[in-house]
Amino acid sequence: MAKWVCTVCNYVYDEEVGDPDGGIAPGTRFEDIPDDWVCPLCGVGKDQFEQQ
Ligand SMILES: [Zn+2]
């Protein structure tokens, strides 16, 4: 599975881990995350992430 990096704060979204605190289950692919999800650290949208 892939990892995606926030270009603003360098938070890493790991598809294997998900974002349980943000309601994203482990194993959720980045493209399947709802569009209203934001970076848990700095609050920017998905369009600010790049695949690692
Ligand atoms: Zn961020």
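Counting in full-length UniProt numbering, the sequence shown runs from 1 upward without gaps.
Ideal placement from N, C-alpha and C gives every residue a C-beta, glycine not left out.
Fair warning: this is a prediction, and the values are worked out from it, not measured in the lab.
Residue j beta carbon less than 8 Å from that of residue i
| i | j | result |
| --- | --- | --- |
| E50 | V12 | no |
| P40 | G22 | yes |
| K46 | D35 | yes |
| T7 | Q48 | yes |
Close beta carbons around residue i, own chain, < 6 Å, minus the five adjacent residues each side
| i | result |
| --- | --- |
| G27 | none |
| C42 | V8, C9 |
beta-carbon residue i near ligand 2 non-hydrogen atom, thresh 7 Å
| i | result |
| --- | --- |
| Y11 | The model on display carries ligand 1 but not ligand 2. |
- Please list, in chain order, all residues with a C-beta atom less than 5 Å from at least one heavy atom of ligand 1. C6, V8, C9, Y11, C39, L41, C42
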